[in-house]
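Numbering (mature numbering (1 follows the signal peptide of the UniProt record, and there is no 0)), first residue to last: -22 to -1, 1 to 285.
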């Protein structure tokens, strides 16, 4: 009887040891930047920032290693887009169809489509692992610009349900089309998109907001890169932090009768809160620009505006 009691005491102890061993083994397996990112593969471009964040260019990442890691994590990625008015008819279907093919292929994706009129939606058929959620936008801020509507409504939905549904989230402008894989190499806590035009220009000429009374002001002589507002990504809580700061800055400037742009505000935010990952201009290219040799593989491209 005494031996049996000892065995019964030992079994839970051994089970606890196995759980502890499993925990630490999983911690050791945490993905390191050097496991999948090789900046030396692209000496022709900036691949690492001063704060040691990777700049993702084609050729710098090992997607096989990344897929092996993220598939074990069983992640879900959200992609939010605003489509109101004419943008529904002109851009939405192509955006979703191309994203269904190229955005996070092989992973669970939820497309969050924010619209002002449900009856306008095109019939869109999605592939496996894809979910389509339609979100009605609040029209309270229609007297302002579309970026304010996009961010205000996205912030409300993050708080309401999105933060519980996805591990990572991207917000994108609808007048773009995916040309090739936009994969897990883009995932990070806070992801910023480099501007296609301003990346190749003299940094002294970057169009930051310089008026000191604006909430978006970056003082003369300061600034890192110029970021594009068409794509912002990361953990839902990080995006919510940006939205909160943007809304405060927007209404501060509005009261002062300033017209600082959405990109001015996003650049100020990332100047103060350095992004953990930057996407090269390959991930949001404007075909109007001459294609430089550094752009080898366009992932996403802007669509021309229609009359």
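From the three backbone atoms N, C-alpha and C, an ideal C-beta is built for every residue, glycine too.
As the structure is a prediction and not an experimental result, all values here were calculated from the model.
- With a 10 Å radius around the Cβ and a threshold of 16 neighbouring Cβ atoms, residue 183 comes out exposed.
- Judged by their CB atoms, residue 62 and residue 144 are not nearer to each other than the 8 Å cut-off.
- In this structure, the beta-carbon distance from residue 59 to residue 91 falls below 8 Å.
- Our two residues, residue 202 and residue 218, have alpha carbons roughly 22 Å apart in a direct line.
- Put simply, the stretch 170 to 186 touches the stretch 250 to 266. At least three CB pairs are less than 8 Å apart.
- Note on residue 247: 16 or more other CB atoms within 10 angstroms of its CB, so buried under the neighbour-count rule.
- Residue state for residue 275 is assigned as coil, using DSSP reduced to three classes.
- Going by DSSP, residue 156 is part of the beta strand (DSSP E) stretching over 154 to 156.
- Under a 10 Å Cβ-count criterion, residue 263 is classified as buried, with 16 or more other Cβ atoms of the shown protein chains found around its own Cβ.
- The beta carbon of residue 147 is closer than 8 Å to those of 55, 56, 57, 58, 136, 140, 211, 212, 213, 214, 217 in its chain, skipping five residues each way along the sequence.
- In this structure, the straight-line span from the alpha carbon of residue 21 to that of residue 235 is close to 45 Å.
- Distance between residue 75 and residue 101, taken at the CA atoms: about 11 Å.
- Contact annotation: residue 34 and residue 255 have beta-carbon atoms nearer than 8 Å.
- In the three-state reduction of the DSSP assignment, residue 263 falls in the strand class.
- When 29, 278, 282, 28 are compared, the shortest CA-CA separation from residue 161 is found for 278.
- Excluding residues up to 5 positions away in sequence, 60 lie with their Cβ nearer than 6 Å to the Cβ of residue 128 in the same chain.
- Rounded to whole angstroms, residue 252 and residue 65 show a C-alpha spacing of 32 Å.
- In the structure shown, residue 280 adopts extended strand secondary structure according to DSSP, grouped into three states.
- When C-beta atoms of the stretch 188 to 208 are compared with those of the stretch 38 to 56, fewer than three pairs fall below 8 Å, so the two segments do not count as touching.
- In the structure shown, residue 192 adopts coil according to DSSP, grouped into three states.
- Comparing C-alpha distances from residue 15 to each of 26, 7, 73 shows the shortest one belongs to 26.
- Of the other Cβ atoms in all chains shown, fewer than 16 fall within 10 Å of the Cβ of residue 18; this residue is therefore exposed.
- Bridge pairing for residue 150: 59, 209 [DSSP].
- Apart from the 5 residues on each side of it in sequence, residue 243 sits with its Cβ closer than 6 Å to the Cβ of 194, 224, 227 in its chain, given in chain order.
- Taking 8 Å as the upper bound for CB-CB distance, residue 149 and residue 172 are not in contact here, some 16 Å apart.
- Remark: C-beta atoms of residue 88 and residue 111 approach each other more closely than 8 Å.
- By the criterion of a C-beta distance shorter than 7 Å, residue 245 is surrounded in its chain by 186, 196, 204, 205, once the five residues flanking it on both sides are discounted.
- Around the CB of residue 268, fewer than 16 other CB atoms lie within 10 Å, so the residue is classed as exposed.
- When the beta-carbon positions are compared, residue 152 and residue 69 come within less than 8 Å of each other.
- Minimum Cα-Cα distance from residue 126 among the listed residues 8, 282, 229 corresponds to 229.
- Relative to the Cα of residue 208, the nearest Cα in the group 238, 155, 232, 199 belongs to 155.
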